[in-house]
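What follows is a single structure, written as structure tokens, with notes after it.
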Amino acid sequence: MVIKSRAVVAAGRGQPVEVVSIEVPEPGPGEVLVRVQACGVCHTDLHYREGGIGDDFPFLLGHEAAGVVEATGPGVTEVVEDDFVVLNWRAVCGTCRACSRGRPWYCFDTGKAEQPMVMGDGTVLSPALGIGAFSERTLVHAGQCTKVDPAARPAVVALLGCGVMAGAGAAINTAQVSRGDSVAVIGCGGVGDGSIMGARLAGASRIIAVDTDPTKLKWAEEFGATHTVNAREVDAVSGIKSLTGGYGADVVIDAVGRPETFQQAFYARDLAGTAVLVGVPTPEWELQLPLIDVFARGGAIKSSWYGDCLPSRDFPVLADLYLQGRLPLEKFVTEEIALDQVEEAFARMERGEVLRSVVVF
């Protein structure tokens, strides 16, 4: 049996998205049908619409989601019907060279549903990050479903599925921020604020938020930033050093992903400090650094892909911390919207008016 679902589709590069009826198949082996309850509007979805992640149009957008398992296919043991889950785009295989070495957060062969979701005329859809959750229902790989406490509000914990986890994981997993560390975060959107929240959770003593937007700097303070630097008024590197005794921060996280912001992260860290790239660059951007500076300054330069997270390990813990009142995930939700308001949400996101719009079904 085929399930009809209303969904947001990007038909072509740069075109406004549309709400259309799609067809979702019953789950096959290893697959799960999820009734989506909430899905965040992420910059990645806008990149898909603009053709920045490929040309496999039409795209079924949405990936930062939470919902309830409606049905499971043969062989599925991870979840059962009625489980409350957060969706992820790292369904680890368990057998690749990374998984076999005990590093599944680097899995090189992540899974997704085999059966396609299609338009009414049979056109195959490309689901964003293998999820496609701007839809009343979606079909995913069983490993893309992570059970969390059903007491958590879907519109809040849905954000663990991408941006918040990427940011928090950059601080906790990739940079391994320790108690007493000084941390600077360049770029205070959803991922940057997730990094600030993660650094605070890890016990950082000084957390410096860097942005050019005063509103975003104010948001950063709500997530735990102890100091702010307006990079439109002050050189970012000088600003960070002035707040760290002239040395630079132990950890600097670039949540923007531009060559100039990563150069700032590199030079704003202390000797033997760590620079982490979690903002996603475009393919044409290139970084130039004097090799002698890389050698002389020591420390580490790291990239953080999805916050180096393991969803089965990290999502439940962060959801529990939220329920305990120790993690202010609700502050990420600027507004809750309907499915047909995604295009307007993209515009508000580009204007910097929201931290996260969340589609609620």
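Throughout the sequence shown, residue numbering follows my numbering, covering 64 to 424 in sequence. Using N, Cα and C, we set each Cβ at its ideal position, and we do this for glycine too. Computed from a prediction, not measured in an experiment: that's the story for all the values here.
Kindly indicate which three-state DSSP category residue i falls into: helix, strand or coil?
{"i": "His204", "result": "strand"}
{"i": "Lys175", "result": "coil"}
{"i": "His433", "result": "The chain is shown from 64 up to 424; residue 433 falls before or after that span and cannot be answered."}
{"i": "Val211", "result": "coil"}
{"i": "Leu306", "result": "coil"}
{"i": "Phe378", "result": "helix"}
{"i": "Phe120", "result": "coil"}
{"i": "Arg414", "result": "coil"}
{"i": "Thr275", "result": "coil"}
{"i": "Val300", "result": "helix"}
{"i": "Gln404", "result": "helix"}
{"i": "Val104", "result": "coil"}
{"i": "Leu334", "result": "strand"}
{"i": "Asn293", "result": "strand"}
{"i": "Pro217", "result": "helix"}
{"i": "Leu384", "result": "helix"}
{"i": "Val357", "result": "helix"}
{"i": "Gly370", "result": "helix"}
{"i": "Arg153", "result": "coil"}
{"i": "Ser163", "result": "helix"}
Could you check where the beta strand (DSSP E) with residue i kicks off and where it finishes?
{"i": "Gln327", "result": "Gln327 -> not in any beta strand (DSSP E); alpha helix (DSSP H) instead, spanning 322-330."}
{"i": "Cys225", "result": "Premise fails: Cys225 is in no beta strand (DSSP E) and is neither H nor E."}
{"i": "Ala247", "result": "245-249"}
{"i": "Val80", "result": "Val80 -> no beta strand (DSSP E), and no H or E assigned at all."}
{"i": "Gly350", "result": "At residue 350 the sequence reads Leu, which differs from the Gly that was named. Counting along the chain, Leu350 falls outside any beta strand (DSSP E), and DSSP gives it neither H nor E."}
{"i": "Asp313", "result": "312-317"}
{"i": "Ala73", "result": "65-73"}
{"i": "Ser366", "result": "363-366"}
{"i": "Ser420", "result": "420-423"}
Counting C-beta neighbours from all protein chains within 10 Å, is the total for residue i 16 or more, i.e. buried, or is it exposed?
{"i": "Gln351", "result": "exposed"}
{"i": "Asp67", "result": "Inspection of the sequence shows that residue 67 is occupied by Lys rather than by Asp. Exposed is the call here."}
{"i": "Asp263", "result": "It should be noted that the sequence gives Arg, not Asp, for residue 263. Looking at its Cβ environment, which holds 16 or more other Cβ atoms inside 10 Å, Arg263 is buried."}
{"i": "Gly370", "result": "buried"}
{"i": "Ala218", "result": "buried"}
{"i": "Glu413", "result": "exposed"}
{"i": "Glu141", "result": "buried"}
{"i": "Val80", "result": "buried"}
{"i": "Trp348", "result": "exposed"}
{"i": "Ile315", "result": "Checking the sequence shown, residue 315 turns out to be Val, not Ile. So Val315 ends up on the buried side."}
{"i": "Gln100", "result": "buried"}
{"i": "Gln387", "result": "exposed"}
{"i": "Tyr111", "result": "buried"}
Considering residue i, what are the terminal residues of the alpha helix (DSSP H) in which it resides?
{"i": "Leu188", "result": "Leu188 -> no alpha helix (DSSP H), and no H or E assigned at all."}
{"i": "Leu32", "result": "Residue 32 falls outside the range modelled here, since the chain spans only 64 to 424, and no answer is possible."}
{"i": "Gly138", "result": "Counting along the chain, Gly138 falls outside any alpha helix (DSSP H), and DSSP gives it neither H nor E."}
{"i": "Val254", "result": "253-265"}
{"i": "Ser241", "result": "It is not in any alpha helix (DSSP H) - Ser241 carries neither H nor E in the DSSP assignment."}
With a Cβ-Cβ cutoff of 8 Å, do residue i and residue j count as a contact?
{"i": "Val422", "j": "Leu392", "result": "no"}
{"i": "Ala318", "j": "Phe329", "result": "no"}
{"i": "Ala134", "j": "Ala221", "result": "no"}
{"i": "Ala247", "j": "Ser367", "result": "no"}
{"i": "Arg98", "j": "Arg160", "result": "no"}
{"i": "Gly224", "j": "His126", "result": "yes"}
{"i": "Ala73", "j": "Leu124", "result": "yes"}
{"i": "Met180", "j": "Glu86", "result": "yes"}
{"i": "Ala231", "j": "Ser198", "result": "no"}
{"i": "Gly185", "j": "Ser84", "result": "no"}
{"i": "Val82", "j": "Phe409", "result": "no"}
{"i": "Lys279", "j": "Gly320", "result": "no"}
{"i": "Val143", "j": "Val132", "result": "yes"}
{"i": "Ala288", "j": "Ala272", "result": "yes"}
{"i": "Asp276", "j": "Gly415", "result": "yes"}
{"i": "Thr324", "j": "Gly250", "result": "yes"}
{"i": "Glu398", "j": "Val417", "result": "yes"}
Next on the checklist: Between the stretch 358-377 and the stretch 329-341, can you find at least three pairs of beta-carbon atoms closer than 8 Å?
Outcome noted: yes
Checklist entry - Does the stretch 368-375 come close enough to the stretch 83-101 to have 3 or more Cβ pairs within less than 8 Å? => result no
Checklist entry - Does the pairing of the stretch 74-94 with the stretch 164-178 give three or more beta-carbon distances under 8 Å? => result yes
Checklist entry - Is there contact between the stretch 236-243 and the stretch 201-221, where contact requires at least three CB pairs shorter than 8 Å? => result no
Checklist entry - Can you find at least 3 beta carbon pairs, one from the stretch 189-206 and one from the stretch 107-116, that sit closer than 8 Å? => result yes
Checklist entry - Counting pairs of beta carbons, one from the stretch 203-212 and one from the stretch 143-157, are three or more of them closer than 8 Å? => result yes
Next on the checklist: Within 8 Å, do at least three Cβ pairs link the stretch 285-292 to the stretch 302-318?
Outcome noted: yes
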